[in-house]
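Student:
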Amino acid sequence: MEVIKPSNVWIKVGVLLLLVLILFLCGFVSVVHVLVIMETFCAMARFKGEGRLLQFTVLTTWEVVVAEICERWSLQASRVIMMFVAPNSYGTVCPIESDADFQCMCHIHHTYKKSVVDIIVEEVSGASEATINISLPTLYDNHSKASKKWIGDCIMQRLKERPLYRAIDIQKDIIREHGMRLPYKHVWMGREVARSAIHGNEVSSYHLLLWYADKVAETNPGALWQLRRTGSDSNTFSSLSACLCKDRNEGIFHVVFAIVDNKTDDNWTWFLAILGEAIYGEDDYREIITFISDWSKGLINSVTRVFPSSPHGYCLRHLVAKFMKANAKLGKTLCKQCWDIIVRIAYAYTVKEFDDAITELAMKSPEAHNWLLYKSNVDHWANYLFKGMRWCEMYSNIAESFNGWVKEARHLPVTSLVDSIRFKLMNMMAGCAQASKWDTHLCLGIHKKVELIIKDSRFLWVGRSMTNTYEILDNDINAVSLRNQKCSCKKWEVHGLSCKHACAAIMQTDMNMHSYVADYFTVEWYRRAYAEPIHPIPDTDKPSDGHREL
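Each residue of the sequence shown is one higher than the one before, counting from 1 in UniProt numbering.
(1) At the level of alpha carbons, what is the spacing between C94 and F402?
(2) Helix, strand or coil for C392, going by three-state DSSP, please let me know.
(3) Runs of 4 residues minimum, wholly inside the stretch 401-471: which ones carry the alpha helix (DSSP H) assignment?
(4) Relative to the C-alpha of T522, which candidate in H186, D247, M82 and S376 has its C-alpha closest?
(5) Mind pulling the alpha helix (DSSP H) runs of 4 or more residues that sit fully within the stretch 290-329?
(6) Under a Cβ-count criterion, where at least 16 other Cβ atoms within 10 Å of its own Cβ denotes burial, should D379 be classed as buried or exposed?
(7) For the alpha helix (DSSP H) that contains H207, what are its first and last residues?
(8) Report all residues from its chain with a CB closer than 7 Å to the CB of K500; omit the five preceding and five following residues, and keep chain order.
(9) Can you tell me whether H254 is helix, strand or coil according to DSSP?
(10) So does the stretch 301-316 actually touch the stretch 370-389, counting three or more Cβ pairs closer than 8 Å?
(11) Taking the alpha carbon of K185 as the point to measure from, which residue in R166, M466 and H199 has its own alpha carbon closest?
(12) Which two residues bound the contiguous alpha helix (DSSP H) that contains I108?
(13) Could you please give me the residues that DSSP links to V343 through a beta bridge?
(14) Mind pulling the alpha helix (DSSP H) runs of 4 or more residues that sit fully within the stretch 146-217?
(15) Could you spell out where the alpha helix (DSSP H) holding E367 opens and where it closes?
(16) Inspect the beta-carbon positions of F354 and I342 and report whether they are closer than 9 Å.
(17) So for L75, helix, strand or coil by DSSP?
(18) Going straight from the alpha carbon of N262 to that of S239, what length do you get?
(19) Near L164, which residues of its chain fall below 6 Å by C-beta distance, leaving aside the five closest residues on each side in sequence?
(20) Going by the DSSP bridge assignment, what does A242 pair with across the sheet?
(21) Throw me the rounded Cβ distance for the T219 and H535 pair, which I believe falls under 8 Å.
(22) For V117 and L159, what's the separation of their Cα atoms in angstroms?
(23) Taking C-alpha atoms, which residue in F84, S309, A362 and A399 lies nearest to L334?
(24) Between I120 and P87, how many whole angstroms is the CB-CB distance? I'm expecting something under 8 Å.
(25) What are the start and end residues of the beta strand (DSSP E) that includes R527?
(26) Under 7 Å Cβ to Cβ from Y520, same chain only, skipping five residues before and after it: list those, please.
(27) CA-CA distance, S420 and K486?
(28) Out of curiosity, what's the CA-to-CA distance linking R464 and V351?
(29) Examine the Cβ distances between the stretch 297-312 and the stretch 260-280 and report whether three or more of them are shorter than 8 Å.
(30) Would you report the Cα separation of G222 and T415, rounded to the nearest angstrom?
(31) How many Å lie between N327 and L182 at the Cα?
(32) Can you tell me which of the three DSSP states D118 falls into?
(33) I need the DSSP call for K490, collapsed to helix, strand or coil.
(34) Could you tell me the distance, in whole angstroms, from the CA atom of K491 to the CA atom of G281?
(35) Can you name the residues that DSSP bridges to V93?
(36) Since A45 and L54 should fall inside the 8 Å C-beta cutoff, what is the C-beta to C-beta distance between them, to a whole number of angstroms?
And the structure:
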């Protein structure tokens, strides 16, 4: 056998090809690496209502962006202020003053998988180039008298009116009114000086709680106030809990609120025990209360423990969140279709409506159907199965409304927080007391609903079976018992307000429609609810050092 040896030339060619292959692979890896770190962002830069698109990468410098903005709007670099709107932060604005800020902005948007950046551009007014340090990357005003105390004095009144007055807004106001560009941290510290002067610091605020409790007892006799040691080393509260009712004019009627360190089973039980004392006092547990809340496990357990006979309805908004999370694998489109059916299940009044919707859901998605039956506690949110009277209130939205209403107060020291909520409630109740001067028998919202029901009932055929019993011909045949205040459509029982079938029957008698409306809906009961005002709490004798052992 003849062995053919490769020549040196072919060996060299082979080595060269191998090197090329290695270099290619290394280059490929490098290209991939560059593609990963060179993510392109699109920025919507807005200046005086006009928007311009910019394109940059994480390697773009702060100076380059400033230069491009100045070129597009014919601005001077020494007068430009840039801020970006942080994603998923309810409009929080962050200053861009250096390359580090710019890189941080890119990192945040990459983390949230946002490829479009919203940049706000502003121009400094009232300051000349001579009074500004033009040395990049920061543009701060050289004003030796702009101390933290000076800033605090400037914003004191505004901070009283706007407890959520942000440092970034203070920065902008000082630029506009005084022509000075101050560091964010310096402005923030000035705001804290003003806040401390108005409300005191956190520690002294806790010391004032006992003084405040005494003032509540003095100025608002009968008001219930309770302080409890948590046994925790932490000296701050972090959670606000409130029990709210809905008055018959679709307004919020506050019952009790508590500030606690956390939403634990123990705190919920304590809170609900106070609620029971506020409602019943020393009386027996007579009137049944219906609770509607989110799906907080601690709250569910505590309601069962403190109010064992009370029905507990679950909010549909929280139900949809749980459903979407548990059934995400079904896909967005199918989840939406299933949810539409679940809403029909929730609002179903009769067994036929309920069963038809359940069957349709099973055909649409067996997985969603099984989750509904075995994981969702249907009897706590579906009208047909709910054991109790919930007046067709399917959402706990008033709790979210209350949270938004007191949002500004939540950032105050604890005693100021409590008093701020009291002040808001005092004004709200006074306004409701004025509104109760209506000349109608029913609250205005209910009065309008009844008028619409009467209008709809005029087109129905009515047959009389016996005294107080009627047959109403609508799309279906419905039986109405005026004596028992029931209709076979079940809406009278669920809403607590007569349906159009009942209204058609009532119109055949010599009775007034309003006589079949519960007292709860009347203006008289509304007036009684707001008859007792919340009184002012003067602080002229507030101690400068309120230290007392809690």
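For each residue, glycine too, the CB sits at the ideal point set by N, CA and C. In this text, all values refer to a predicted model and were calculated from it rather than measured experimentally.
Tutor: A quick look at the data gives this:
(1) 28 Å
(2) coil
(3) 414-435 and 444-457
(4) D247
(5) 297-306 and 316-326
(6) exposed
(7) E202 to H207
(8) I453, D456, S457 and L460
(9) strand
(10) yes
(11) R166
(12) D99 to T111
(13) Note: V343 sits in no beta bridge, so no partner.
(14) 148-161, 167-178, 184-199 and 202-207
(15) P366 to K375
(16) no
(17) coil
(18) 6 Å
(19) E408
(20) F257
(21) 5 Å
(22) 30 Å
(23) A362
(24) About 14 Å; that fails the 8 Å criterion.
(25) No beta strand (DSSP E) contains R527, which is instead part of the alpha helix (DSSP H) from V523 to A529.
(26) R248
(27) 45 Å
(28) 25 Å
(29) yes
(30) 20 Å
(31) 50 Å
(32) strand
(33) coil
(34) 34 Å
(35) V85
(36) 5 Å
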